[in-house]
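*Asks:*
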Amino acid sequence: MSLVFISPDPVKALGLEDFISNYHVVCTFKHPILEFLKKKKIEVFCLEKFLEQNKDALKNINIKNYLEKFRNTGKLIANNHVLNYLDKLKRKNEMDLKILAFKPNPRFFKVCKENNFKILLPDADIARELEDKVIFYEIFTKYKKISLLPYKIGILENFKFENVFKKFENFVVQKRRGYAGNSTYFIKNKKDFEKLQNEFPDDEVKITKFITGPTLTLNACATKQGIFVSKPFLQITGEKLLSRQKGGTCGVSFDIDQICDEKILTEIENQTKLIGKIMYEKEFRGIFGLDLILTDEQEDSCLRRNDNGVYVIECNPRMTISVPHFTKRELASRQKPLLMEHLEEFEGKNEKWKMKNGKCKEEDSCFPRNDIKGASLILRNKSSKEIILKKTFPAKWHKYNLKTQKIVETDKGFEFENLPKIDKNELLFFTMFQEKGYIVHPDMEYAEIYFVENILDKNFKIKKEVLDLIKKCK
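Going by our numbering, the first residue of the sequence shown is number 12, and it counts up by one from there.
1) Taking the straight line between their C-alpha atoms, what separation do you get for G26 and L207?
2) How would you write the range of the alpha helix (DSSP H) that M106 sits in, first residue to last?
3) Between the beta-carbon of F265 and the beta-carbon of F244, is there less than 8 Å?
4) Hey, K163 and V145 are a contact pair by Cβ (cut 8 Å); roughly how many whole angstroms apart?
5) Between which residues of its own chain and K483 is the CB-CB distance below 7 Å, once the five residues before and five after are set aside?
6) Since I450 sits in a beta bridge, which residues does DSSP pair it with?
7) According to DSSP, is K469 helix, strand or coil?
8) Bridge partners of N327, per DSSP?
9) On a CA-only basis, which of R118, N116 and K124 is nearest L108? Give me that one, please.
10) Determine the DSSP secondary structure at C271, reduced to helix, strand or coil.
11) Mapping the DSSP letters down to three states, classify Y77 as helix, strand or coil.
12) Evaluate contact between the stretch 75-90 and the stretch 26-35, counting only Cβ atoms and requiring at least three cross-stretch pairs below 8 Å.
13) Kindly indicate which three-state DSSP category I198 falls into: helix, strand or coil?
14) Going by beta-carbon coordinates alone, are I466 and T260 separated by less than 8 Å?
15) Using a Cβ-Cβ cut-off of 8 Å (strictly less than) and excluding sequence neighbours within five positions of D307, which residues of its own chain qualify?
16) Excluding the five sequence neighbours on either side, which residues of its own chain have a C-beta within less than 6 Å of the C-beta of L8, listed in chain order?
17) Could you check whether K23 and F120 sit closer than 8 Å to each other, using their CB atoms as the reference points?
18) Could you name the residues that DSSP lists as bridge partners for M443?
19) Among L100, E79 and V463, which residue has its Cα nearest to the Cα of S13?
20) Are I198 and F182 close, meaning C-beta to C-beta below 8 Å?
21) For M106, count neighbouring Cβ atoms within 10 angstroms of its own Cβ and tell me buried if that reaches 16, exposed if not.
22) For the alpha helix (DSSP H) containing Y154, list its first residue and its last residue.
23) Whose C-alpha, out of S194, Y196 and Q282, is nearest the C-alpha of L229?
24) Between which residues of its own chain and K274 is the CB-CB distance below 6 Å, once the five residues before and five after are set aside?
Structural data, given as structure tokens:
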């Protein structure tokens with residue numbers, strides 16, 4: 012079997028290289044991480060590299076402009092050069108191609124069906140329905156054991172500010188779809204609300220009460236063997252240095268011991284398993300993400316009573332942005348990855364799906380994973396216009412000296428075992444930047460930075476020295 016991961020950004024394909032043989036990656040853009048995959052003997056078809064190598068035969072093509080057309084999986088897999096590569100791969104191996112992808116869309120599924128590629132992903136229509144913020148609440152509101160935020164759904168221009176304010180006071184408006192917080196609006200006054208109504212009068216929206224408390228996110232996997240759930244992560248949002256959106260996702264921290272006691276963890280696990288079970292009954296299969304919020308505002312009369320203050324916000328019925336990093340951390344901790352549970356749901360157990368170095372435990376995925384620490388941060392374009400990256404970093408572990416503020420590159424690649432040693436005045440981090448010259452549209456990510464130690468202060472804000480490091484990297 013040949014397993015192919017399709018993603019414009021090759022970073023999304025990371026994690027499988029250590030336990031899948033005959034693994035291939037198809038991507039749009041060049042990236043420093045491709046050198047790491049090459050050393051792992053992973054075959055990569057990079058559209059940008061292919062065009063550069065064949066530019067004499069392509070005649071007058073502007074490669075940068077051409078690549079802009081292939082920023083999603085549907086358009087990428089439909090590209091003739093990509094289809095030619097996949098056809099050659101299929102004939103070379105004399106076996107069917109199995110396909111994975113990050114954020115597949117309807118066109119992606121259509122092209123796969125036309126070419127008889129087997130898709131190891133949930134049905135596109137079901138996933139799209141569950142990702143819709145309005146439909147998700149409409150589906151799960153009837154389940155009393157699932158705690159949703161108090162909400163109203165309707166056409167935006169039909170709401171009267173006075174009525175909504177009377178019920179919720181401060182509130183949040185969410186459009187049906189969006190990313191990086193660009194479809195979430197925090198309303199404090201009538202002026203804010205009327206401005207939004209004038210901009211999107213005909214949009215159907217979900218309006219929820221604004222409550223304070225840490226936002227959590229987690230990865231889970233719905234399978235015939237059960238619902239496997241990761242330990243929740245603290246979602247880092249709204250950091251002005253990293254995002255222009257108040258609700259913009261800036262990364263995650265795995266260090267949640269001060270936030271979640273055993274009762275809260277049990278409540279999160281129970282709600283996630285119930286949601287996953289219902290999703291599976293609706294024929295959704297595989298990996299998904301869930302966002303939740305913790306609050307102590309439970310005396311509020313409009314909140315559905317919940318002894319542990321756990322409320323579900325929304326579902327991401329697909330591989331989340333944290334999956335590659337989390338998979339590498341699972342493997343380094345000798346835990347069976349959720350990604351393997353996902354593959355086994357579609358393909359059954361496969362003796363070849365083991366860590367190449369034989370270190371992966373055979374027991375089932377478990378909850379919680381207490382020994383995974385650290386964090387990841389996402390760098391986005393905060394401008395309202397596109398930018399072009401003027402520099403990049405090698406995909407390596409680096410040391411940051413807190414006294415001299417100097418950054419030193421190590422020779423260690425994207426692994427979380429046998430990490431470089433540091434002293435008390437150093438911070439160890441891994442850079443995952445796009446290539447120099449990469450075009451970044453507003454709110455789009457252009458880099459991730461990974462840490463193996465806690466990066467948050469006692470107020471769960473990013474530490475000053477980490478923000479100083481980010482400024483040097485930007």
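By construction, the Cβ of each residue, glycine as well, lies at the ideal position given by its N, Cα and C atoms.
Remember, it's a predicted structure, so these values are computed and weren't measured experimentally.
*Replies:* Considering the structure as presented:
1) Whole-angstrom Cα-Cα distance: 41 Å.
2) Note, M106: premise wrong, no alpha helix (DSSP H); not H, not E.
3) yes
4) Not a contact, Cβ separation roughly 11 Å.
5) Q416 and I418
6) I399
7) Note: K469 maps to coil in three-state DSSP.
8) G300
9) K124
10) coil
11) helix
12) no
13) strand
14) no
15) G224 and G320
16) Absent from the structure is residue 8, since the part of the chain shown begins at 12 and ends at 485.
17) no
18) Looking at the DSSP assignment, M443 forms a beta bridge with E459.
19) L100
20) yes
21) exposed
22) Where Y154 is concerned, there is no enclosing alpha helix (DSSP H), given that its DSSP letter is neither H nor E.
23) Q282
24) Excluding five sequence positions before and after K274, the CB atoms of its chain that fall closer than 6 Å to its own CB belong to N319, given in chain order.
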